[in-house]
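Per the working numbering, the very first residue in the sequence shown carries number 1; after that it's consecutive.
Report on the structure given below.
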Amino acid sequence: MRLKVAVLVLIFTLSYLPLPNAEAQVGAAAVNLKCVSVDASGTVQIEVYPGATLTGQAICTVSNPNSYQEKIEIDVQSEDLVSAAPGSITLGPNAEEDFYVTVRGEEGMAKSSRSLVVKATVTEAMGFPPPNVAEEESSLIVSIMQYSGLQVESVDPLITLKTKVDHNVEFRVYNQGNGADRFTIGLTKESIDNLENE
Numbered sequence: 001m002r003l004k005v006a007v008l009v010l011i012f013t014l015s016y017l018p019l020p021n022a023e024a025q026v027g028a029a030a031v032n033l034k035c036v037s038v039d040a041s042g043t044v045q046i047e048v049y050p051g052a053t054l055t056g057q058a059i060c061t062v063s064n065p066n067s068y069q070e071k072i073e074i075d076v077q078s079e080d081l082v083s084a085a086p087g088s089i090t091l092g093p094n095a096e097e098d099f100y101v102t103v104r105g106e107e108g109m110a111k112s113s114r115s116l117v118v119k120a121t122v123t124e125a126m127g128f129p130p131p132n133v134a135e136e137e138s139s140l141i142v143s144i145m146q147y148s149g150l151q152v153e154s155v156d157p158l159i160t161l162k163t164k165v166d167h168n169v170e171f172r173v174y175n176q177g178n179g180a181d182r183f184t185i186g187l188t189k190e191s192i193d194n195l196e197n198e
């Protein structure tokens, strides 16, 4: 009987022992992040000519190297370009997920380069704030691509020429592209033949 009472007292005593805090069981939080452009050039290219999509993309892989679930916040810095990406991702133990980062330019923007920085930060580990700061960044270059837009107009739209009289014809050339361009201007052989025949 004494043995039964001792066992009951021991079970009763053990049931009142404080349980360890779940937060204390979480080890150091960690996150891995890698981003690459979908363009073969390695930069995120944005075409801005009239009628272009005006967007460029990178694909990122975020992974949780730990043996417990993590919630990861995604932040994108893209200078003055509009960007879109998921706000947060929840990953199970030793899991990874791909996501796209899209950046958008404006039609006719000047040819230039900008930086794109994607940051992943652990905000929860097993539902609790992480015991340490765990974040990782991945940087890319965004290239606003150059396009040309040549316009040529005659100062005098109609010219009447007299026989054996030379006349200078003036043209204006406009670069309506988004960067410095070099143009070669001349008459086609067909145009020269037509003029000589006339």
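Ideal placement from N, C-alpha and C gives every residue a C-beta, glycine not left out.
Task: CB contact flag (VAL117, VAL31, <7 Å) - done: no
Open item on the list: For ILE89 and VAL103, I'd like the C-alpha separation in whole angstroms.
Closed with: 19 Å
Task: Bounding residues of the beta strand (DSSP E) (the contiguous stretch that carries ASP75) - done: 70–77
Open item on the list: With three or more C-beta pairs closer than 8 Å as the rule, is the stretch 68–85 touching the stretch 171–180?
Closed with: As far as the Cβ criterion goes, the stretch 171–180 does not touch the stretch 68–85, which means the pair count is below three.
Task: LEU33 and ALA120 closer than 7 Å at C-beta - done: yes
Task: Boundaries of the alpha helix (DSSP H) in which LEU195 is found, first to last residue - done: Run containing LEU195: 189–197, per the alpha helix (DSSP H) assignment.
- [ ] Just the C-alpha distance for ASN21 and ALA95, rounded to the nearest angstrom, thanks.
- [x] Only weak support exists for where ASN21 lies, its pLDDT of 49 falling under 50; the value from the coordinates is given anyway. Computed Cα separation, rounded: 25 Å.
TODO: List the residues that DSSP assigns as beta-bridge partners of LYS119.
DONE: ASP75 and GLU137
Task: Proximity of TYR100 and ILE59 at Cβ, strictly below 7 Å - done: yes
TODO: Rounded to whole angstroms, what's the CA-CA distance from ALA24 to GLU107? Just pull it up for me.
DONE: Confidence at ALA24 is low in this model, with a pLDDT of 46, below 50, so the placement of that residue should be treated as unreliable; the coordinate-derived value is given next. Each residue's Cα considered, the two are about 53 Å apart.
Open item on the list: In whole angstroms, give me the CA-to-CA distance for GLY92 and GLN146.
Closed with: 43 Å
Task: Collapsed DSSP secondary structure at LYS111 in the structure displayed - done: coil
Open item on the list: Counting C-beta neighbours from all protein chains within 10 Å, is the total for PRO129 16 or more, i.e. buried, or is it exposed?
Closed with: exposed
Task: Cβ shell of SER63 (< 6 Å), same chain only, five flanking positions each side left out - done: ASN32 and GLU96
Open item on the list: Please return the same chain residues whose Cβ sits closer than 7 Å to the Cβ of GLN77, not counting the five positions on each side in sequence.
Closed with: Sequence-distant partners of GLN77 (beyond 5 residues in either direction) whose C-beta falls short of 7 Å from its own C-beta, in its chain, are VAL117.
Open item on the list: Between the alpha carbons of TYR68 and THR55, how many angstroms are there, rounded?
Closed with: 36 Å
TODO: Ignore the nearest five residues each way along the sequence and tell me which others in GLY149's own chain have a CB closer than 6 Å to its CB.
DONE: GLN176 and GLY177
Task: For VAL101, the three-state DSSP class (helix, strand or coil) - done: strand
TODO: Look at ILE46 and GLY105 and say whether their C-beta atoms are less than 7 Å apart.
DONE: In this structure, ILE46 lies near GLY105, with their beta-carbon atoms less than 7 Å apart.
Task: Outcome for SER138 when other beta-carbon atoms lying within 10 angstroms are tallied against a minimum of 16 - done: SER138 should be labelled buried.
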